[in-house]
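Trainee: Sharing a structure here in structure tokens format.
Protein chains in written order, with the numbering used here: chain D, -1 to 142; chain E, 6 to 490.
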């Protein structure tokens, strides 16, 4: 998928905040998923596509959609031991916002993965998913 | 100085931000700390505390403890007592890690006895107490039994043989919040947390071997009452919470409350992380019942970890845990909301006391204390940084000024990013080894984020808590071995 990027930024001292950008809402969401992976795993690029999941979410507001998306990825890490990234992601609006993503990744393997933070949750603090003159941006704070 | 100009000193080591600092404040903000600690607090601490002061039903003040730093919603080190009949419950006032807390454990071993086997002991502890992302505990439960954990807390663990009755007596609320009801917990929370009983987690969670030096004793008689009797005595302190289970409970209800606040309750959303619901509403009671389940999961988690500590010591020293004097001093939470009785303006009232990064500190004579501590007050465990040490304090009668709450740790002064820029995990591990501290870390990056320089000086925090009259120092404990999440 395209063209998004992210960087960690200063925020609450005990937590990890990031700013993700992309030309579309979808690209910013994918980049936000990469930020979560980078907080969790030392070498996200080495993650192999051994498992897939389908994720469908509905929300009324864009930033709450970002929050749900991140918290679903965190849930799958704990409940199914899966580290996942979206490989396709679409957001449509028909009154509500609907996210439909295909996630790929693999199970946590301490022998191959150098694990970093056990992110507890994405918080609603400073949460943003919005269009700007330069494209879309997603901001969130991860409780670690 | 980041503190706002409106902040005024009102008592020793006590400052106040008046109603009117921002629109909507129902009560003032009261900050405990020395001039130096308060001046170092980020202005976000005061803004967030002022937002807390706007919560419906808040009584007397929104409080910041001496270790306060800014977080999300409430500041870390924040306390709010709320009238349960007219007020709200807020997951942001508790934190995602529900009943994150501390346990202090004595041994009858001395530092000269432990020193030759320190590395072996730290390795044995790291092996028996899984730390870091994705690690699972040795306890396996089915769904039905996990619901027993949620109802019974530490009592479940002791019933299963992971501890003794005396551990429960020395645990806040005997390790069980009676209002827990698993009916209000999602299947997702259970799936997430069920494999994690007996695990530390990551971030600032740790298990530490510490030494009591004679120079660290502030009150010898009291230290003896708490089982700290020998010079160079070795103790164990650990810090962890309700793991993914509590995180999912908080996440579930944050979404529920955000939806219900404007639509059902007509409550303005000042800060999404201050999402709340009237305590007496269906949603509020449901969250409270689920939060109590998470608190119980956490009490059970710490009890199972204690069992593993006993096993590790027994393995290394070849003696029964009982012969090694491995006894709980106390287990206390710093992330909860609890219904407690307090006197307000001469009247005794039931209040819902939110403590987020703040430790309950009941005074001598409090009926909820175990009989053996009732005449002296509640032990308070303050975890410092892994380089500078930790503190045992005790609750005092004058602590009624903070609804019997005090600090919980050193409090961060630096972000995780900044800490990583200053030192690598490997360099820090080597530096600590030079200072005689053996560290096993699940993540070296995580280790760097927890460097001592990223925290306030625990001496300053403990002294400030004493100067403010919210607790009193008993003993300083020095780290020698650390298992880091």
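Note that beta-carbon positions come from the ideal geometry of N, C-alpha and C, so glycine has one too.
1) Between residue 305/E and residue 74/D, what straight-line distance do the alpha-carbon atoms span, to the nearest angstrom?
2) Quick one: is residue 6/D near chain E, going by C-beta distance under 7 angstroms?
3) Can you pull out the residues from the region 421 to 453 of chain E whose beta carbon lies closer than 8 angstroms to at least one beta carbon of chain D?
4) Count the other CB atoms within 10 Å of the CB of residue 361/E; is the residue buried (16 or more) or exposed (fewer)?
5) Can you name the residues of chain E whose CB is closer than 7 angstroms to the CB of residue 10/D?
6) Which residue from 105/D, 134/D, 19/D, 127/D puts its Cα closest to that of residue 77/D?
7) Mind reading off the beta-carbon distance from residue 127/D to residue 40/D? Whole number of angstroms is fine, and I expect it under 8 angstroms.
8) What residue range is occupied by the uninterrupted beta strand (DSSP E) comprising residue 134/D?
9) Closest to residue 378/E by C-alpha separation, out of 307/E, 226/E, 49/E, 55/E, would be which residue?
10) Report the residues of the region 65 to 81 of chain D with a CB closer than 9 angstroms to any CB of chain E, ordered along the chain.
11) Do the region 440 to 447 of chain E and the region 393 to 410 of chain E meet, that is, are 3 or more Cβ pairs less than 8 angstroms apart?
12) Taking C-beta to C-beta, are residue 484/E and residue 394/E nearer than 7 angstroms?
13) Relative to the C-alpha of residue 92/E, which residue among 407/E, 374/E, 358/E is closest?
14) Step through the CB atoms of chain D and report whether any lies within less than 7 angstroms of the CB of residue 285/E.
15) My understanding is that residue 427/E touches residue 458/E, with C-beta atoms under 8 angstroms, so please give their C-beta distance in whole angstroms.
16) Threshold first: 3 residues or longer. Then list the beta strand (DSSP E) segments lying entirely within the region 378 to 405 of chain E, N to C.
17) Are at least three pairs of beta-carbons, each pair with one atom in the region 158 to 169 of chain E and one in the region 277 to 295 of chain E, less than 8 angstroms apart?
18) When you compare only the Cα positions, how much space is there between residue 214/E and residue 239/E?
19) Would you say residue 102/E lies against chain D (beta-carbon separation less than 7 angstroms)?
20) DSSP on residue 352/E, reduced to helix/strand/coil?
21) Under DSSP, the beta strand (DSSP E) around residue 489/E begins and ends at which residues?
22) Ordered along the chain, which non-local residues of its own chain (more than five positions away) have a Cβ less than 8 angstroms from that of residue 327/E?
23) Check the C-beta distance from residue 152/E over to residue 187/E and give it rounded, since I have them as a contact under 8 angstroms.
24) Exposed or buried, what is residue 8/D when buried is set at 16 or more other beta-carbons lying within 10 Å of its beta-carbon?
25) Residue 247/E and residue 451/E - do their beta-carbons sit closer together than 7 angstroms?
26) Counting only C-beta atoms, is residue 6/E closer than 7 angstroms to chain D at any point?
27) On the DSSP bridge assignment, give the partners of residue 2/D in chain order.
28) Would you call the region 116 to 135 of chain E and the region 277 to 285 of chain E in contact, with 3 or more CB pairs under 8 angstroms?
29) So, is the C-beta of residue 256/E closer than 7 angstroms to a C-beta in chain B?
30) How about residue 134/D and residue 23/D: do their beta carbons lie closer than 7 angstroms?
31) Which residues in chain D have a C-beta closer than 7 angstroms to the C-beta of residue 137/E? List them in chain order.
32) Using a Cβ cut-off of 7 angstroms (strictly closer), state whether residue 56/D contacts chain E.
33) Can you give, in chain order, each stretch of the alpha helix (DSSP H) that sits fully within the region 116 to 158 of chain E and has at least 4 residues?
34) Using a cut-off of 9 angstroms between C-beta atoms, extract the partners of residue 142/D located in chain E.
35) List the DSSP bridge partners of residue 145/D.
36) Using a cut-off of 7 angstroms between C-beta atoms, extract the partners of residue 125/D located in chain E.
Mentor: Let me lay it out:
1) Indexing the second chain from 1 puts residue 305/E at position 300. Indexing the first chain from 1 puts residue 74/D at position 76. Taking the straight line joining both Cα atoms gives about 24 angstroms.
2) Translated into the one-based positions of the first chain, residue 6/D becomes position 8. Judged by the 7 angstroms Cβ criterion, residue 6/D is in contact with chain E.
3) Among the residues of the region 421 to 453 of chain E, those with a Cβ less than 8 angstroms away from any Cβ of chain D are 421, 422, 423, 447, 448, 450, 451, in the order of the chain.
4) As a working note, residue 361/E is residue 356 in the second chain. Burial call: buried.
5) Within the first chain, numbered from 1, the residue matching residue 10/D stands at position 12. Residues of chain E passing the Cβ test: 75, 76, 77.
6) Taking the first chain and counting its residues from 1, one reaches residue 77/D at position 79. From the listed residues 105/D, 134/D, 19/D, 127/D, the smallest Cα separation to residue 77/D is found for 105/D.
7) Within the first chain, residue 127/D is the residue found at index 129, counting from 1. Within the first chain, residue 40/D is the residue found at index 42, counting from 1. Residue 127/D to residue 40/D, Cβ: 27 angstroms. No contact.
8) Counted from its first residue, the first chain places residue 134/D at position 136. It spans 133 to 141 - the beta strand (DSSP E) in which residue 134/D sits, taken as one unbroken run.
9) Along the second chain, one-based indexing puts residue 378/E at 373. The shortest Cα separation from residue 378/E among 307/E, 226/E, 49/E, 55/E belongs to 226/E.
10) Cβ contacts with chain E: 65, 66, 69, 72, 73, 75, 76, 77, 78, 79, 81.
11) No, the region 440 to 447 of chain E is not in contact with the region 393 to 410 of chain E.
12) For the purposes of this step, residue 484/E is taken as residue 479 along the second chain, with counting starting at 1. For the purposes of this step, residue 394/E is taken as residue 389 along the second chain, with counting starting at 1. Yes, the pair counts as a contact, with Cβ atoms nearer than the cut-off.
13) Residue 92/E sits at position 87 when you count from the first residue of the second chain. Minimum Cα distance to residue 92/E is reached at 358/E.
14) What you label residue 285/E is simply residue 280 of the second chain in a count that begins at 1. Using a CB distance cut-off of 7 angstroms, residue 285/E does not count as an interface residue toward chain D.
15) Counted from its first residue, the second chain places residue 427/E at position 422. Counted from its first residue, the second chain places residue 458/E at position 453. Contact holds; Cβ gap of about 7 angstroms.
16) As far as the region 378 to 405 of chain E is concerned, its whole beta strand (DSSP E) runs of at least 3 residues are 384 to 387, 395 to 399.
17) The region 158 to 169 of chain E vs the region 277 to 295 of chain E: no contact.
18) If you number the second chain from 1, residue 214/E lands on position 209. If you number the second chain from 1, residue 239/E lands on position 234. Taking the straight line from one Cα to the other gives about 7 angstroms.
19) Walking along the second chain from the start, residue 102/E turns up at place 97. Answer yes: the Cβ-Cβ gap between residue 102/E and chain D drops below 7 angstroms somewhere.
20) Taking the first residue of the second chain as position 1, residue 352/E is located at position 347. Residue 352/E: strand per DSSP, three-state reduction.
21) Stepping through the second chain from its first residue, residue 489/E is reached at position 484. Note, residue 489/E: beta strand (DSSP E), 477 to 489.
22) Here residue 327/E refers to the residue found at position 322 when the second chain is read from its first residue. The beta carbon of residue 327/E lies closer than 8 angstroms to none in the same chain, with the five residues before and after it left out.
23) The residue given as residue 152/E occupies position 147 in the second chain. The residue given as residue 187/E occupies position 182 in the second chain. About 4 angstroms; that satisfies the 8 angstroms criterion.
24) To locate residue 8/D, count along the first chain from 1; it is residue 10. Under this definition residue 8/D is an exposed residue.
25) As a working note, residue 451/E is residue 446 in the second chain. As a working note, residue 247/E is residue 242 in the second chain. Their beta carbons are not under 7 angstroms apart, which means residue 451/E does not touch residue 247/E by this criterion.
26) Residue mapping note: residue 6/E aligns to position 1 of the second chain, counting from 1. Because the pLDDT at residue 6/E is just 49, under 50, the model does not fix this residue reliably, and the value given afterwards should be weighed accordingly. When Cβ-Cβ separations below 7 angstroms define contact, residue 6/E makes no contact with chain D.
27) By 1-based counting over the first chain, the position of residue 2/D is 4. Answer by DSSP bridge pairing: none, since residue 2/D is not bridged.
28) Too few Cβ pairs lie closer than 8 angstroms, so no.
29) In the displayed structure, chain B is absent; the protein chains listed are D and E.
30) As a position in the first chain, residue 134/D is number 136, starting the count at 1. As a position in the first chain, residue 23/D is number 25, starting the count at 1. Cβ atoms of residue 134/D and residue 23/D: closer than 7 angstroms.
31) Residue mapping note: residue 137/E aligns to position 132 of the second chain, counting from 1. Going along chain D in sequence order, the residues near residue 137/E (Cβ under 7 angstroms) are 113, 116.
32) Within the first chain, the letter at position 58 stands for residue 56/D. Answer no: the Cβ-Cβ gap between residue 56/D and chain E never drops below 7 angstroms.
33) Listed in chain order, the complete alpha helix (DSSP H) runs (minimum 4 residues) inside the region 116 to 158 of chain E are 116 to 119, 123 to 133, 148 to 157.
34) The sequence position of residue 142/D within the first chain is 144, counting from 1. Residues of chain E passing the Cβ test: 207, 208, 209, 421, 451, 454.
35) With chain D represented from -1 up to 142, any question about residue 145/D goes unanswered, as that position is not in the structure.
36) By one-based count along the first chain, residue 125/D stands at place 127. One finds 277 in chain E with Cβ atoms closer than 7 angstroms to the Cβ of residue 125/D, taken in chain order.
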